[in-house]
Amino acid sequence: PFLNVEVVNAGDHGAVWLNTELSVVSLPEFQNGATHGLLMNKLKGNSTDRIVEIKPAEEQLSPGVYARAPLTDDQITSMPSVMFIGEYSTGKTTLINHMLQAAYMGSQVAIGPTTDNFFILTYGTMDDIIPANRLVQQKMLPHAGNGNIRTSSLAELKADALERCFVVRCRSELLRHLIIIDTPGIVSSLSDKANRKDFDYIDTIAQFARSSDAIVFVFDANKLNIGNSEVVRTLRLLYPVENRLVFVINKADDLPISQLSDIRGNLAWSLSRLLKRETAPSIFVGSFWDKPLRRPDSCRFFQQYLRAFYDHLRHVAENVHSLRLEEIVVRAREVRGLALAFNRIAKVATTLTPKNRKKLRHKLHTIYPRLIKHKKIRIEDLPPIEKLNDLLLEPSLLTIPRVSNDALTKVEEFINTDLFKFKAVLPWRLRLRASLDSKGKDETDFDWAAVVSEAERNDWKNEFTYLYPSYNHLDACQLRHIMIKSGISSNMQNKIWNLVDEDKDKLINENEFYLLRYLLGLASRGKRIPDSLPKNCRPPAMEFKKVRKSDEKSESDEKKKTKRKRSKKKKKSRKKKSSRRRK
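Set out below in structure tokens:
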């Protein structure tokens with residue numbers, strides 16, 4: 232769903248809100264908004280049971296060879312889920328209520344830790360709350376929209392943790408497309424930890440993180456503390472799923488834009504070091520609540536980040552099923568490769584004695600070519616030889632596992648036949664309104680927030696400093712090689728330069744350099760470059776001293792004076808040396 236962000240003024244009082252409205256286009260196939268349910272009907276028409284038929288081959292491979300959890304049907308059919316996590320009193324629940332446009336049943340908002348419960352929010356025609364124990368006893372919990380929750384992940388929770396989980400039904404249009412998980416805040420004091428002794432908070436967070444399609448980590452702009460030991464422990468726990476992790480700096484309307492930019496940059500640097508990422512993480516800045524902004528002049532700044540954040544959630548809802556299918560395809564090919572390899576090895580040796588292990592390791596280089604020729608497969612379809620060598624050395628592996636022909640045939644049918652049926656349905660796209668209905672409707676498909684995120688991802692800041700800017704500005708000569716390297720025509724280069732150099736002084740600052748690199752990238756990919764840029768696409772002003780002719784003259788005069796002084800000193804030293812020699 233696309234969340235429409237609109238600026239609302241409150242008359243003479245001067246208060247400014249950032250209002251969010253759900254705007255979903257009702258297409259013939261999605262008339263009732265039950266998009267996920269109709270997709271599931273299509274998938275069931277193509278037999279989702281075929282996906283679960285990979286399971287027999289997985290089970291016949293011993294745990295020492297293939298240690299993944301068994302594949303379940305809801306790994307492809309469950310609705311996309313987004314988990315919100317963060318310290319207590321960072322505004323997680325308020326943010327969720329702001330997105331839902333209503334307070335869900337059971338939500339509590341206060342300054343300190345309010346609850347130790349996990350709330351799973353789904354769509355329903357009536358507001359109610361159900362213990363998760365009842366959900367686990369059922370295979371699925373259907374609701375309006377014909378979606379379901381991933382019950383396999385709940386079933387793996389411990390009994391103490393499951394008692395603190397509740398399913399909440401809400402009448403919110405957003406929940407027709409997403410499941411939202413609200414988690415208790417991270418606490419560090421001993422008294423707060425004592426209240427959670429009866430269940431493992433970190434283990435529960437890890438379980439929900441593995442089954443979530445997106446994870447939103449919320450920080451408070453006024454008390455951002457990345458050095459908290461519990462926060463660091465939780466972030467390191469999320470390292471295996473860091474590709475699903477985004478960050479939100481909430482409660483940011485108390486601070487000026489300049490300070491928020493510094494906070495965001497410092498947080499990006501700290502998170503990159505902690506998570507050992509080569510690229511900067513996605514960080515959104517905003518103030519998510521139903522009260523007016525305390526700094527109305529920051530409204531445009533927050534609006535850009537709000538739209539970027541909601542676009543990210545929409546992207547999750549649109550692409551989650553195709554991404555899940557890709558993961559299952561990778562899994563099926565991995566199972567097939569292991570099954571073919573071990574079935575072939577079983578013909579050479581039946582038991583894994585030390586002598587046989589050594590013999591098999593030497594014969595793998597001859598087994599693989601024969602297997603490729605006989606089965607007519609590629610070398611990429613088989614596990615790496617190094618991995619198979621490590622498995623053969625595993626002490627827990629006493630016998631060579633064999634996969635039956637029936638189980639292997641089902642995997643082959645899924646890869647060669649059923650996969651194309653699923654691809655006919657996926658990737659699933661919601662053809663939603665991609666433009667704002669507010670007064671300031673933009674013609675371009677990007678804004679300044681997108682430029683900043685792209686700059687952090689590609690490290691354009693360091694690139695700017697390597698070009699040796701004079702007084703924090705670059706001229707056209709310093710950027711000529713970048714313009715030529717883009718491969719676009721000279722006319723397009725001039726057009727982009729004129730869009731970036733708005734004041735026509737033939738100099739660009741750091742923010743304008745980001746915009747230049749972004750527009751060059753769009754043009755090189757064949758995207759249309761607009762004739763003029765709206766305000767939301769322009770970089771904020773930077774107060775830097777530009778190079779003047781008088782400054783250049785003064786610099787040259789100073790250089791000449793220093794040269795003269797050096798020459799005089801050299802002459803004096805020469806005279807002294809010559810006089811000493813004469814004496």
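Residue numbers (the numbering used here): 232 to 814. Cβ coordinates follow ideal geometry from the N, Cα and C atoms, glycine included. Bear in mind that the values here come from a model prediction, so they are computed numbers and not experimental data.
By the neighbour-count definition (other C-beta atoms within 10 Å, threshold 16), H712 is an exposed residue. Around the beta-carbon of R748, 16 or more other beta-carbon atoms lie within 10 Å, marking it buried. Within the stretch 398–473, the complete beta strand (DSSP E) runs of at least 3 residues fall at 410–413 and 445–451. Going by DSSP, F573 is part of the alpha helix (DSSP H) stretching over C530 to V579. As computed with DSSP, N481 is found in a beta bridge with D451. Inclusion of D444 and P311 in the CB contact set at 8 Å is warranted, their separation being smaller than that value. Between the alpha carbons of F450 and L476 lies a distance of about 13 Å. For the pair R795 and K806, the Cα-to-Cα distance works out to about 17 Å. Cβ neighbours of L602 within its own chain (closer than 8 Å, five residues either side excluded): L571, A572, R575, I608 and L613.
For the 8 Å CB-CB criterion, V479 and F515 form a contact.
Separation of M357 and D434 (C-alpha to C-alpha, rounded to the nearest whole angstrom) is 32 Å. Scanning its chain for C-beta atoms nearer than 7 Å, with the 5 sequence neighbours on each side dropped, one finds around R525 the residues D484 and D485, in chain order. In the three-state DSSP reduction, I360 falls in the strand class (E or B). A contact between stretches requires three or more CB pairs, one per stretch, nearer than 8 Å, and the stretch 465–476 fails this requirement with the stretch 520–537.
DSSP, read as helix, strand or coil, puts V634 in coil. If you draw a 10 Å sphere on the C-beta of Y702, you find fewer than 16 other C-beta atoms in it, and that means exposed. Exclusion of the five residues before and after A680 leaves Q535, Y536 and A539 as the residues of its chain whose Cβ lies within less than 6 Å of its Cβ. Here K482 is buried, its C-beta having at least 16 other C-beta atoms within 10 Å. Per DSSP, reduced to three states, the secondary structure at V340 is coil, with no helix or strand assignment. Remark: C-beta atoms of A638 and A288 approach each other more closely than 8 Å. When the alpha-carbon of A392 is set against those of F439, T353, R407 and E404, the nearest one is in F439. Approximately 6 Å separates the beta-carbon atoms of V642 and A563; this is inside 8 Å, confirming the contact. The residue among R504, V418, I411 and N729 with its C-alpha nearest the C-alpha of D706 is N729. Counted as a single uninterrupted DSSP element, the alpha helix (DSSP H) harbouring S755 occupies residues E741 to S755.
The C-beta of N364 has fewer than 16 other C-beta atoms within 10 Å across all chains shown, which makes the residue exposed. A Cβ-Cβ separation of about 4 Å places L751 in contact with S717 under the 8 Å criterion. For the options L544, R545, K766 and A334, the alpha carbon positioned closest to that of D678 is the one of K766.
Under the three-state reduction of DSSP output, C708 falls in the coil class, being neither helix nor strand. By the neighbour-count criterion, in which a residue is buried when 16 or more other Cβ atoms sit within 10 angstroms of its Cβ, H593 is exposed. With respect to the 8 Å criterion, I410 and L352 are classified as neighbours on the basis of their beta carbons. In this chain, T346 is not harboured by any beta strand (DSSP E), its DSSP state being neither H nor E.
The shortest CA-to-CA distance from D734 to any of A772, I719 and N459 is the one to A772. Going by C-alpha positions, Y541 is about 11 Å away from L405. Around the CB of G458, fewer than 16 other CB atoms lie within 10 Å, so the residue is classed as exposed.
When DSSP states are grouped into helix, strand and coil, E318 belongs to the strand group.
For T696, the three-state secondary structure derived from DSSP is helix.
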